[in-house]
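All remarks here apply to the structure that follows.
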Amino acid sequence: MSPLEWNLIDIYNFVHSWIHGAYVSDSIMLLSLTIVDTVLGVGWRIRKGRPVWSNRFKSGLLFNVTLSFLPQLVGVAFNVIHESNTNLLLFVIECLTIFIAVSQLQSILANAVLFGIKIPKWFKPFYDAIILPEVEKKDHKKKEE
């Protein structure tokens with residue numbers, strides 16, 4: 001099956017088996033994205049000669065780590081409050097995981113651009129629409145520090 005023949009159910013089945021399979025859980029995947037984001041953020045701060053351990057860095061790291069464990073906390077809370085309805089629980093957790101992952105990927109791409117990684121030409125329209133505002137926000141806030 002070629003990627004052009006995929007539909008939403010195929011994508012859901014692929015993501016569901018990967019996230020809830022034996023390879024990685026929601027929180028581990030999100031924590032991995034947090035680590036990549038932190039490494040890129042620290043790398044470009046070192047490259048610019050700025051202090052690494054700032055209040056903004058600490059609060060951002062704490063926020064991202066907390067968000068990484070949010071799907072697991074929702075699962076525990078859901079099991080304590082409601083009777084076990086697995087389909088609803090998986091749907092809520094996967095939607096939450098995808099939303100958090102997309103926001104972390106935006107931050108990762110912004111930090112990668114600030115670090116000096118070049119973006120491909122085919123990615124330019126997506127970059128201008130979604131990543132560029134994040135890059136400008138991070139660059140502006142880091143200049144103020």
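Going left to right, the sequence shown walks through residues 1 to 145 as my numbering numbers them. Each residue gets a CB set at the ideal place from its N, CA and C atoms; glycine is no exception. No experiment lies behind these values; they were computed from the predicted model shown.
Quiz item: Can you tell me the Cα-Cα spacing of Asn-87 and Ala-77, whole angstroms?
Solution: Between Asn-87 and Ala-77, the C-alpha separation is close to 15 angstroms.
Exercise. Specify whether the region 39 to 56 and the region 104 to 114 touch according to this definition: at least 3 beta carbon pairs, one from each stretch, less than 8 angstroms apart.
Key: These segments touch.
Quiz prompt | Val-113 burial status per 10 Å Cβ neighbour count (16 or more: buried) | solution = Per the 10 Å Cβ criterion, buried.
Self-check item: Minimum length 4: unbroken alpha helix (DSSP H) runs contained in the region 76 to 133
Solution: Complete alpha helix (DSSP H) runs here, min 4: 86 to 115.
Quiz item: Among the residues of its own chain, which have a CB less than 8 angstroms from the CB of Leu-132, if the five just before and after it don't count?
Solution: Excluding the 5 residues flanking it on each side, Leu-132 has no same chain C-beta neighbour closer than 8 angstroms.
Quiz item: What did DSSP end up calling Lys-137 once you bin it into helix, strand or coil?
Solution: Looking at Lys-137 - three-state DSSP - the assignment turns out to be helix.
Quiz item: Which same chain residues, not among the five before or five after Gly-21, have their C-beta less than 7 angstroms away from its C-beta?
Solution: Caution applies to Gly-21, whose pLDDT of 48 falls short of 50 and renders its modelled position unreliable; the value that the coordinates give is listed next. Closer than 7 angstroms at the Cβ level, and outside the excluded window around Gly-21, lies no residue.
Practice problem: Between the Cα of Asp-26 and those of Leu-67, Asn-55, Ile-9, Ile-81, spot the shortest distance and give me the residue it belongs to. | Solution: Asp-26 has its Cα closest to that of Leu-67, out of Leu-67, Asn-55, Ile-9, Ile-81.
Practice problem: Confirm, please, whether the CB-CB distance from Leu-96 to Leu-70 is below 8 angstroms. | Solution: Yes; because the gap between Cβ atoms is below 8 angstroms, this pair is in contact.
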